[in-house]
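Below: one structure, written as structure tokens.
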Amino acid sequence: MTSFVKSFYSKPLLSRGAVQVLSRARFYSSQSPASLSIKYHSLDKGTTEASDTPNGPNICVVSLDRPKARNSISLQLLDELFDVAHKDYLAQDTRALILTSSTPSIFCAGADLKERKTFTPNDTRNFLKKLNYTLDLLENQAIPTISAINGVALGGGLEIALSTDFRVLGQNSQVGLPETRLAIIPGAGGTYRLPRLIGKSRALDLILTGRRIKSDEALALGVATRAVEDADKGALELAREISGGGPLALTAGKKAVRGASPEWEAAMYERVVNTEDKFEALAAFAEKRTPVFKGR
């Protein structure tokens, strides 16, 4: 059996001027390690250059890897994606999670329609329940999450991306929710996450027409956070920018925005105002050096 989700950590070894990267496999599967196919690769297209900040970063990169099926969401891929979404990244001092594809032309084509044809109505309901629960876990991850979309993200593929905090699209990317062309509707968060991002009227346009949009329109509408030449490089750049902040502040900031109220903002501010990292940042500012955050 083959694993359809592959991952690595990009972790700089701290040395000024010549920062190295240590890549370590992380197995996201209930299968035995011997049955997995783990790929070591760099989002820098073969380089090992990393951020020169003393804070790291620890960036976890997970690749969907089911190229012959266009990374469509099968039962096995969903099981592995659940493991990814359920993981406690804070415990590993991970600062950001990037979800990408090992195939440049496709992020995820949505549901595996060949497998879906074999489902009973109850199978379909159970599949959607687990997919929705998985994407809820991903959306509520404590650390910032980024989808790097090169190529196509359709249906459930776009719904996966909508459950992450940021969506970085490459120049040849196309995204869409074509479910109405199959006489159904989006069933994994598309009908409520998309309107939150771009408003009801624009979301209805995309959902009811089922049309695909390119990266420039996705950026203009607000579906994309950034539109760049290469989504993997753009996502890694964004992750490094984010990872320069204090880890407790990153988590608190994300929760405050999710809560979207004066009460949530006050509660999250209280969590960070007297931390070691906050006093380290003040000392570093006074001493004109880069702060070294410890997540305390």
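Numbering (my numbering), first residue to last: 74 to 369.
Even glycine gets a Cβ: it sits at the ideal position worked out from N, Cα and C.
Range covered by the alpha helix (DSSP H) that runs through residue i
i: glycine 263; result: 263-271
i: threonine 173; result: Taken as a continuous stretch (DSSP letters only), threonine 173 belongs to no alpha helix (DSSP H), being part of the beta strand (DSSP E) at 169-174.
i: phenylalanine 358; result: 349-360
i: glutamine 149; result: 148-159
i: threonine 324; result: 320-332
i: alanine 339; result: 335-345
Alpha-carbon to alpha-carbon, residue j and residue i
i: leucine 231; j: phenylalanine 366; result: 34 Å
i: alanine 248; j: leucine 321; result: In the sequence under discussion, the amino acid at residue 248 is valine, which differs from the alanine named in the question. Going from the Cα of valine 248 to the Cα of leucine 321 covers about 33 Å.
i: leucine 201; j: arginine 189; result: 11 Å
i: leucine 151; j: histidine 159; result: 12 Å
i: alanine 215; j: alanine 164; result: 11 Å
i: glycine 129; j: glycine 317; result: Any reading at glycine 129 must be qualified, since the residue scores a pLDDT of 44, below 50, and its modelled position is unreliable; no value is offered.
i: threonine 173; j: glutamate 310; result: 14 Å
i: serine 175; j: alanine 276; result: 29 Å
i: lysine 187; j: serine 145; result: 10 Å
i: proline 238; j: leucine 267; result: Here the sequence assigns aspartate to residue 238, which means proline is not the residue at that position. Distance between the alpha carbons of aspartate 238 and leucine 267: 12 Å.
i: glutamate 360; j: tyrosine 342; result: 25 Å
i: isoleucine 257; j: alanine 356; result: 57 Å
i: lysine 141; j: glutamine 149; result: 15 Å
i: proline 194; j: arginine 143; result: 24 Å
i: glycine 319; j: arginine 362; result: 15 Å
i: tyrosine 206; j: phenylalanine 155; result: 8 Å
i: threonine 348; j: glycine 307; result: 31 Å
i: leucine 281; j: lysine 327; result: 31 Å
Endpoints, the beta strand (DSSP E) within which residue i is located
i: arginine 240; result: 239-242
i: phenylalanine 192; result: First-last for phenylalanine 192: undefined, no H or E at that position.
i: serine 316; result: Note, serine 316: premise wrong, no beta strand (DSSP E); alpha helix (DSSP H) at 304-316.
Spatial neighbours of residue i in its chain, beta-carbon cut-off 6 Å, leaving aside the 5 residues before and after
i: arginine 254; result: Gly283
i: glycine 229; result: Ile146, Gly183, Ala184 and Ala261
i: glycine 295; result: Leu270 and Ile271
i: alanine 325; result: Met341, Arg344 and Val345
i: glutamate 302; result: Gln244
i: glutamate 263; result: One point to set straight first is that residue 263 is glycine, not glutamate, in the sequence displayed. Cβ within range, chain order: Glu232 and Leu250.
i: leucine 292; result: Ala300
Local Cβ density within 10 Å of residue i, reported as buried at 16 or more and exposed below that
i: lysine 112; result: Low per-residue confidence applies at lysine 112: pLDDT is 34, beneath 50, and the placement is therefore not dependable, though the value from the model is reported in the following sentence. Flag for lysine 112 reads exposed.
i: lysine 84; result: Unreliable positioning characterises lysine 84 in this predicted model, as indicated by a pLDDT of 42, which lies under 50. A coordinate reading is not provided.
i: arginine 369; result: exposed
i: asparagine 131; result: buried
i: alanine 234; result: buried
i: leucine 423; result: The question about residue 423 has no answer here: the residues shown for the chain are numbered 74 through 369.
i: valine 225; result: buried
i: glutamate 336; result: exposed
Residues near residue i in its chain [Cβ-Cβ closer than 7 Å; skip 5 each side]
i: aspartate 305; result: Leu116, Thr173, Ala221 and Asn223
i: serine 288; result: Leu242, Gly243, Gln244, Ser246, Ala297 and Ala300
Cut-off 8 Å between Cβ atoms - residues of its own chain near residue i, not counting five sequence neighbours on either side
i: aspartate 166; result: Gly129, Asn131, Pro320 and Gly368
**Prompt:** Would you call the region 296-313 and the region 330-341 touching, i.e. three or more CB-CB distances under 8 Å?
**Reply:** no
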